[in-house]
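Note that the protein sequences, when read in sequence, are chains V and F.
Taking our numbering, the leading residue of the first sequence gets 997, the next gets one more, and so forth.
Taking our numbering, the leading residue of the second sequence gets 997, the next gets one more, and so forth.
The beta carbon of each residue, even a glycine, is placed where N, CA and C say it ideally should be.
This one's a predicted model, so the numbers in the text were calculated from it and none came from an experiment.
Below is one structure, written out as structure tokens; comments come after it.
There are 2 protein chains.
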Amino acid sequence: MSAAPTAPPPPHASLQDQARTWFESLRDRLCAEFEAIEDAQAGGDAGRFVRTKWDRPTQDGSPGGGGVMSVMRGKVFEKVGVNVSTVAGEFSPEMRARIPGADVDPRFWASGVSLVAHMCSPLVPAAHFNTRMLVTARGWFGGGGDLTPMQRDSAEALADAADFHASFRAACNRHDPAYYPKYKEWCDRYFFLPHRNEPRGAGGIFFDHLDSGDLAADFAFVRDAGLAFLDVFPRIVRRRMAVPWTVEQREHQLIRRGRYVEFNLIHDAGTLFGFKTGGNIEAILMSLPPEVRWP
Amino acid sequence: MSAAPTAPPPPHASLQDQARTWFESLRDRLCAEFEAIEDAQAGGDAGRFVRTKWDRPTQDGSPGGGGVMSVMRGKVFEKVGVNVSTVAGEFSPEMRARIPGADVDPRFWASGVSLVAHMCSPLVPAAHFNTRMLVTARGWFGGGGDLTPMQRDSAEALADAADFHASFRAACNRHDPAYYPKYKEWCDRYFFLPHRNEPRGAGGIFFDHLDSGDLAADFAFVRDAGLAFLDVFPRIVRRRMAVPWTVEQREHQLIRRGRYVEFNLIHDAGTLFGFKTGGNIEAILMSLPPEVRWP
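Listed below in structure tokens is the structure:
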């Protein structure tokens, strides 16, 4: 009922349109690349993305933003979701203590792109990528990308993981030599299942609360992280997608996907954040694999 | 390193052997009944329970108890697990504040039986049942049973749910007319997915921290709850298992199982309790369905 306390907006507030435009254009490029992969492998049976818009409901009917889910179910990509969302509102009292700047002013703005790919072939790794910009009384970027090979110790899986890391390492090193070791380690720590005492996959990078003081440099790094993923993951998919696989490998993939579900539902902070801020449930849980086994 | 503080044991401590024996004999009766159902439906292809013993590891190598998993993968029961466990140890400092009596003495003893049945036919409901006795400086019983029909609003599903509730209502009413309404409501509240705003299934009963002051009466109620489940669930299975079903119904079942997974991994206190007390991970996650879809 009372007016929200005011605080000077962080410099990130001036970047809102550009950030949103970047995340949406990266989404378009990722979707186009994935559809081209479908065309190359499946010809007339190629999958296509289907887009669904959603609005974020607010209690008082004020504009809360929303997003667009893009989902493709194809012959190479068993299920891939690429979500963009741009939302604004006020954090609940519970969240205010936990989000930088939200103790000063509960209002927030957030925009980002988020991708999860579950592949038909057990020889093609699953992948996750996201980047986002948050604006409260402070502003920052977060995101990362990580790879989940299914035949974890095979030479092919190790080679894929090495290439994936090399791409992100190069992107990081163009900005700050401290980034890659720090963000790789953060990723390893984050994507870990303590109840299984095992990593979710082969890692990648993970970063949050990035605000170096140089807004343009931070935004450039975030863009480069996106381009690194756009370069390396399609390359990995293309070189593995036509390799024949066995039913035993498929069964193993479905079991490994169970670990993915366990991580996302038990541990993933992004999933829990989505639930608590009234995110779109279908968009949040689009990360879950299409078919899973706990035999 | 220091000796644990001592507190007078609750009367439940004298019941440990009897409680354990009851839970194990109920396990035997449930397994025998389920194998008889397999025989009736599948003849020579009938499933059989496989038992696996596990020991609870302790940091100092002292005896921590353990359990036995009984799992059957059959033609009627796609995957059914019946676990018994009897464990003892000390609660971690984190847990001590949350468990009755553990603030006085961190040592605990717990024994129970836990069952989850996922069925081949989408026309047969999934079921969950468990009962347990806990002993700290206090002692109590907990447990319950609930049914998860897959075709939720069909006449058959409603009839199954009505029978399931009637059986538990009768068991409750033999002990205290206040039990059924209270424990039914507790069950509805517990087995609810707030992120979907929907119940997990058709409910049943749920109770915890039962210590009326009359130990013999409480134990008799717990036994009757077990007998109620042993009576009603096999009856429901037998009358539905031979009904032909469609691939659409099966697909719907696999999607509904996704909700089951979401509940167990996001919300279920028993799952989280198991993780935090060094329970056997395979036994805890045996509740997860064998095949699941998030299309």
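Can you pull the chain V residues whose beta carbon is under 7 Å from the beta carbon of residue i, in chain order?
{"i": "V1046/F", "result": "Neighbours of V1046/F on chain V: none; closest Cβ ~13 Å, over 7 Å."}
{"i": "V1288/F", "result": "V1288"}
{"i": "I937/F", "result": "Since the first and last residues shown for chain F are 997 and 1291, residue 937/F lies out of range."}
Check whether the Cβ atoms of residue i and residue j sit closer than 9 Å, and answer yes or no.
{"i": "G1139/V", "j": "F1202/V", "result": "yes"}
{"i": "C1168/F", "j": "F1217/F", "result": "yes"}
{"i": "F1137/V", "j": "R1196/V", "result": "no"}
{"i": "R1253/F", "j": "V1120/F", "result": "no"}
{"i": "H1171/F", "j": "D1220/F", "result": "yes"}
{"i": "P1053/V", "j": "A1084/V", "result": "no"}
{"i": "P1286/F", "j": "E1152/F", "result": "no"}
{"i": "P1118/F", "j": "A1198/F", "result": "no"}
{"i": "S1163/V", "j": "A1224/V", "result": "yes"}
{"i": "M1129/V", "j": "Q1055/V", "result": "no"}
{"i": "P1006/V", "j": "D1156/V", "result": "no"}
{"i": "V1109/F", "j": "V1067/F", "result": "no"}
{"i": "G1061/V", "j": "T1082/V", "result": "yes"}
{"i": "G1266/V", "j": "T1127/V", "result": "no"}
{"i": "A1122/V", "j": "L1154/V", "result": "no"}
{"i": "L1189/F", "j": "I1262/F", "result": "yes"}
{"i": "E1181/F", "j": "R1255/F", "result": "no"}
With a 10 Å radius around its C-beta and 16 neighbouring C-beta atoms as the bar for buried, classify residue i as buried or exposed.
{"i": "M997/F", "result": "Because M997/F sits at a pLDDT of 41, beneath the cut-off of 50, its placement in the model cannot be relied upon, and the point is left open."}
{"i": "K1049/F", "result": "exposed"}
{"i": "V1131/V", "result": "buried"}
{"i": "H1090/F", "result": "The amino acid occupying residue 1090/F in the given sequence is Glu; His does not appear at that position. Answer is exposed; the Cβ neighbour count stays below 16."}
{"i": "P1004/V", "result": "exposed"}
{"i": "A999/V", "result": "Its pLDDT being 49, under 50, A999/V is placed unreliably by the model, and the measurement read from it follows with that caveat. Counting Cβ neighbours within 10 Å, A999/V comes out exposed, since fewer than 16 surround it."}
{"i": "P1240/F", "result": "exposed"}
{"i": "G1209/V", "result": "exposed"}
{"i": "H1205/F", "result": "exposed"}
{"i": "E1278/F", "result": "exposed"}
{"i": "A1098/V", "result": "buried"}
{"i": "Q1017/F", "result": "As written in the sequence, residue 1017/F is Thr, which differs from the Gln given in the question. That one is exposed."}
{"i": "R1014/V", "result": "Note that residue 1014/V is Gln in the sequence shown, not Arg. With fewer than 16 Cβ atoms within 10 Å of its Cβ, Q1014/V is classed as exposed."}
{"i": "S1010/F", "result": "exposed"}
{"i": "G1063/V", "result": "buried"}
{"i": "S1107/F", "result": "buried"}
{"i": "D1214/F", "result": "buried"}
{"i": "A1028/V", "result": "exposed"}
{"i": "S1283/V", "result": "buried"}
Alpha carbons only, please: which of the options is nearest the one belonging to residue i?
{"i": "L1111/F", "options": "A1015/F, R1023/F, P1007/F, R1052/F", "result": "R1023/F"}
{"i": "G1275/F", "options": "V1080/F, T1017/F, D1056/F, R1235/F", "result": "V1080/F"}
{"i": "F1271/F", "options": "H1191/V, R1234/V, V1288/V, T1242/V", "result": "H1191/V"}
{"i": "G1200/V", "options": "K1178/V, V1076/V, P1096/V, M1068/V", "result": "K1178/V"}
{"i": "R1103/F", "options": "A1279/F, R1246/F, E1086/F", "result": "E1086/F"}
{"i": "E1244/V", "options": "Q1147/V, D1035/V, A1157/V, K1071/V", "result": "Q1147/V"}
{"i": "I1033/F", "options": "Q1249/F, M1065/F, G1070/F, G1062/F", "result": "G1070/F"}
{"i": "G1039/V", "options": "I1280/V, G1141/V, F1215/V, V1072/V", "result": "V1072/V"}
{"i": "F1045/V", "options": "S1107/V, S1117/V, F1030/V", "result": "F1030/V"}
{"i": "L1250/F", "options": "F1215/V, R1289/V, H1263/V, T1242/V", "result": "R1289/V"}
{"i": "V1100/V", "options": "D1184/V, R1092/V, S1107/V", "result": "R1092/V"}
{"i": "F1019/F", "options": "V1233/F, L1226/F, R1134/F", "result": "L1226/F"}
{"i": "D1159/F", "options": "G1141/F, G1062/F, Y1175/F, C1116/F", "result": "G1141/F"}
{"i": "R1134/V", "options": "Y1175/V, L1154/V, A1122/V, P1096/V", "result": "P1096/V"}
{"i": "Q1037/V", "options": "H1248/V, D1264/V, V1233/V", "result": "V1233/V"}
{"i": "S1088/F", "options": "M1282/F, S1283/F, F1269/F", "result": "F1269/F"}
{"i": "T1242/F", "options": "C1116/F, R1094/F, D1041/F", "result": "C1116/F"}
{"i": "R1185/F", "options": "S1021/F, D1264/F, R1231/F", "result": "D1264/F"}
{"i": "A1238/V", "options": "L1026/V, R1025/V, D1035/V, H1008/V", "result": "D1035/V"}
{"i": "R1231/F", "options": "L1026/F, C1183/F, H1008/F", "result": "L1026/F"}
{"i": "H1008/V", "options": "V1257/V, D1051/V, L1211/V", "result": "L1211/V"}
Can you pull the chain V residues whose beta carbon is under 9 Å from the beta carbon of residue i, in chain order?
{"i": "F1271/F", "result": "P1190, H1191, I1262"}
{"i": "I1095/F", "result": "Here the premise fails: no neighbours, minimum Cβ distance about 20 Å."}
{"i": "L1111/F", "result": "By Cβ distance, chain V contributes nothing, its closest Cβ being about 16 Å from L1111/F, past 9 Å."}
Name, please, each residue of chain V whose Cβ falls closer than 8 Å to the Cβ of residue i.
{"i": "L1284/F", "result": "G1254, W1290"}
So with CB distances below 8 Å, who are the chain F contacts of residue i?
{"i": "I1251/V", "result": "Result: empty, since nearest Cβ-Cβ is about 10 Å, beyond 8 Å."}
In chain F, which residues lie with their C-beta within 7 Å of the C-beta of residue i?
{"i": "E1258/V", "result": "L1261"}
{"i": "L1211/V", "result": "Per Cβ cutoff of 7 Å: no residues; L1211/V is ~34 Å from chain F at best."}
{"i": "L1281/V", "result": "W1290"}
Beta strand (DSSP E) runs contained entirely in the segment 1025-1096 of chain V, provided each spans 3 or more residues: 1045-1051, 1061-1068, 1073-1086
Quick check for students: name the residue ranges of the alpha helix (DSSP H) that lie wholly in the segment 1244-1289 of chain F, counting only runs of 4 or more. 1265-1272, 1277-1280
Start-end ranges of the beta strand (DSSP E) lying completely within the segment 1166-1247 of chain V, minimum 3 residues: 1199-1206
Along the chain, which unbroken stretches of the beta strand (DSSP E) at least 3 residues long are found entirely within the segment 1112-1138 of chain F? 1122-1131
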